[in-house]
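Heads up: the structure comes next, in structure tokens.
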């Protein structure tokens, strides 16, 4: 919507030189040199921009971009080997795009024409800030993954890993995770406790959510507050109370005790998701079914259930992940025999810190990605079923 | 419906009728009642389940924070006798209290309850535990004075059977004789009249009999009674006249009755002070007296760094105040975390709400992935990143910003807890903010600017006020979650970055002061429930959204 025109070189070249200087600073840091790469790379970037914008014809943009990638990749390889090639190649790719984005004035394209240059600058600075926050959100999860392939028992990147030397990587932490009985038992316990707790909370929770969604429920607010409370009460307090009470009735340290506790903790999630799904449920459908002669049970399983199933399943996934992740309560009311995966990780982090934790963490991240994808898919499907447009 | 809505001659004059002839109002009420009942029946199983396995434990914990039966259960006679004692009038109570203490204590140490009591009272006054242990070992010193003299008089006084015949009802003794190992032991029954004749002996022997039958499950015909019954018998014989007694073992009793006058005696008070002179100290007795009632506010006073004293609750010394500091720190750090979440979450939510939905959904994954990732994964990731030999320090050293020997300490302190928890709770701030911001039309900002507002004014006077509900919802949610956190502070918090939850956990698993843990938990729960109430008023619990 805004006309795009070439920017003067007095803006483009200093900007490009600045980008080059920043990259040069990292090169200096990596090689241990002082102020060698900064002016050098800045100069290269400015020269490259001059060539691309003023010497080469406009239709040669694609070739110019490739030239930038290759130039930097080769340079990087000569200076720092394989990892240098990758890092510098990426910078070359970024530079090729950046030269044209700035030099040809493309950055003004998506913005309204009346913005001042200060507003434009703020617009992009803001995006960089948000980008940094998103990096903050995601980095811890990303960092764990490569570290879990560390060949040493260190929690940081070894020089071999940074050189992308295959010697620096190994699967030994995964091997330990899959063969060490402490870990395999923990996985087994988690896989016994979580599904049973989930089934318990989903079946009871769905029924109650259906009850709660009817129009005339006395004390609906109070009931809702009680049912949601396991999510609000701090876990340490739930754990304390359960420890006292469950030891009174003699189920501390037993499988039923842990399952019961985890089922209760999962219930709020089932209630919230299923009631949310039921808000959009068209009651005339059940009446129509009843009108055509279906009994309440048939109506429930053939009409209502298929429609609210996405909500039920995502509630179930929430309940599952709650139990699968839960550590505070299980520490208090579990026993050594009932160690779950999070518990094992917790003791591992607190006492004998071993990198096997990182392998376990990577596997758990994989599981949560799958769960996230499933829930997201179900949410869209449910919105489609209810006739809303998926956002 | 169609029947009643079609007006007829009769329907116009009387009430409207349903199809089956009942008045419509009644019929509707019945239908509604049935609907209500069905809804409640659907809810009932879950409600009962939650009440039993969640609400009851919480209630039990609340109860534990004031419960204090242990003193009056272990020392029932002493606490009774002590009720009238005035600590200002005398340093230590009189002989009758010590007499009661002797019986209580002897029975308690036979049942091994005195160490438990010692542990309990030690929370209130250091030294009580060792006093109880010490006295438990030596309380025999007092009883042996009388036991030895009865034993010298007649060896039968140290035998099980004569005692059982003397104290037990004849039919019970007969049952006892017919008892064989493996059967249920017959419940003890006092001989008729013996309780009037020898009241103390009957009481103490009764306790002994109950314990031996119920706990030890041994035959009273084989078990010699505890030494304490001889003391009781001595006191009874000194007071009573047994000449009219004709029951079993009358001869033995009468001989003893004649002999007791010449017995060597010992004062209970002197005996106890001989065992440990702390029994003469006023502090010990005021502590016992203060914790005699079955319910106490002592745990709560401890939880806010106060102390129960004779003159009422008082603050502890400055250097002993740990919980107040801890509460303050928990509050302060939760506020800092909430504030950092607002600071970091607001721009992200703003961008997400203003981008085209396709891009926003993609970026949303970056927010939701941490939300779905296991808490322990994120905590361990932060431990790995923040360590002195960790990733962040390595990068800083590599870039030359920090010298190798002065690596930053970012873990095991408040900074570590704040960084890690801000990261963990950030999605809980972004999601409510996002859903509120989505409803703010972007045209408002443009309108403000076209009316001449600067960028800042347009944001601050037009956009920001409309996003306040989102900030409120997110802040309360983050704050509620933050003040109860346990795992993350435990792992990255060290000693200075821990929360009140960590102290509660410590009291439950290490120091075993459960009452104090319950009191601390109750205070924390109170704060959380208050915030929950506010949240419910502002946002409504039905509006909590996930993902």
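Residue numbers (UniProt numbering), protein chains in the order written: chain C, 1 to 391; chain F, 1 to 547. Cβ coordinates follow ideal geometry from the N, Cα and C atoms, glycine included.
Nearest-angstrom Cα separation, counted from residue j out to residue i
i	j	result
residue 333 of chain C	residue 276 of chain C	32 Å
residue 15 of chain F	residue 259 of chain C	56 Å
residue 390 of chain C	residue 58 of chain F	Confidence at residue 390 of chain C is low in this model, with a pLDDT of 42, below 50, so its placement is unreliable and no value can be given for it.
residue 334 of chain F	residue 415 of chain F	12 Å
residue 13 of chain C	residue 95 of chain C	12 Å
residue 209 of chain C	residue 33 of chain F	19 Å
residue 7 of chain F	residue 18 of chain F	Residue placement at residue 7 of chain F cannot be trusted, given a pLDDT of 47 that sits under 50; the coordinates are not used to answer.
residue 15 of chain C	residue 309 of chain C	55 Å
residue 1 of chain F	residue 198 of chain C	For residue 1 of chain F, the predicted model reports a pLDDT of 41, less than 50, meaning its position is unreliable and no value from the coordinates is stated.
residue 486 of chain F	residue 75 of chain C	50 Å
residue 499 of chain F	residue 424 of chain F	16 Å
residue 232 of chain F	residue 241 of chain F	15 Å
residue 493 of chain F	residue 410 of chain F	10 Å
residue 243 of chain F	residue 254 of chain F	7 Å
residue 354 of chain C	residue 145 of chain C	15 Å
Residue i versus the options, residue with shortest Cα-Cα distance
i	options	result
residue 383 of chain C	C:291, C:273, C:81	C:273
residue 73 of chain F	F:48, F:141, F:51, F:105	F:105
residue 163 of chain F	F:143, F:275, F:209	F:209
residue 182 of chain C	C:307, C:69, C:347	C:347
residue 18 of chain C	C:33, C:5, C:39, C:31	C:39
residue 173 of chain C	C:366, C:362, C:92	C:362
residue 526 of chain F	C:233, C:99, C:224	C:233
residue 236 of chain F	F:248, F:249, F:256, F:495	F:256
residue 3 of chain C	C:9, C:112, C:26, C:47	C:112
residue 101 of chain F	F:327, F:153, F:284, F:336	F:284
Neighbour list for residue i in chain F, Cβ cutoff strictly below 8 Å
i	result
residue 190 of chain C	Under the 8 Å cutoff, chain F gives no residues; its nearest Cβ is about 11 Å from residue 190 of chain C.
residue 361 of chain C	374, 376, 377, 380, 381
residue 217 of chain C	36, 39, 40, 43
residue 138 of chain C	366, 369, 370
Span of the alpha helix (DSSP H), counted from its first residue to its last, around residue i
i	result
residue 552 of chain F	Since the first residue of chain F shown is 1 and the last is 547, residue 552 of chain F is not available in this structure.
residue 478 of chain F	464 to 483
residue 322 of chain C	305 to 325
residue 206 of chain C	181 to 212
residue 627 of chain F	Residue 627 of chain F is absent from the model: chain F starts at 1 and stops at 547.
residue 60 of chain F	56 to 64
residue 28 of chain F	24 to 50
residue 437 of chain C	No answer is possible for residue 437 of chain C: the residues shown for chain C start at 1 and end at 391.
Neighbouring residues, chain C, relative to residue i (Cβ below 8 Å)
i	result
residue 394 of chain F	156, 157
residue 45 of chain F	204, 207, 208
residue 53 of chain F	242, 260, 261, 263, 264
Interface residues of chain F facing residue i [CB-CB closer than 7 Å]
i	result
residue 323 of chain C	In chain order: nothing, as chain F lies at least about 12 Å away.
residue 173 of chain C	In chain order: nothing, as chain F lies at least about 13 Å away.
residue 295 of chain C	Residues of chain F passing the Cβ test: none, with the nearest at roughly 14 Å.
residue 242 of chain C	57
residue 130 of chain C	347, 348, 351
residue 253 of chain C	Within chain F, no residue comes near residue 253 of chain C; the closest Cβ sits about 14 Å away, beyond 7 Å.
residue 327 of chain C	376, 487
residue 232 of chain C	480, 528, 532
residue 274 of chain C	Those do not exist, as residue 274 of chain C stays about 11 Å from chain F at its closest Cβ, beyond 7 Å.
residue 345 of chain C	376, 380
With 16 other Cβ atoms within 10 Å as the buried cut-off, status of residue i
i	result
residue 196 of chain F	exposed
residue 271 of chain C	buried
residue 606 of chain F	No statement about residue 606 of chain F is possible, as the shown extent of chain F runs from 1 to 547 and does not include it.
residue 104 of chain C	buried
residue 64 of chain F	buried
residue 20 of chain C	buried
residue 68 of chain C	buried
residue 298 of chain C	exposed
residue 262 of chain C	buried
residue 474 of chain F	buried
residue 54 of chain C	exposed
beta-carbon residue i near the ligand ZN non-hydrogen atom, thresh 7 Å
i	result
residue 400 of chain F	No copy of the ligand ZN appears in this structure; indeed no ligand is present at all.
Amino acids of chain C, ordered along the chain, whose beta-carbon sits closer than 7 Å to that of residue i
i	result
residue 441 of chain F	Chain C residues near residue 441 of chain F: none, gap ~16 Å exceeds 7 Å.
residue 64 of chain F	244
residue 504 of chain F	236, 240
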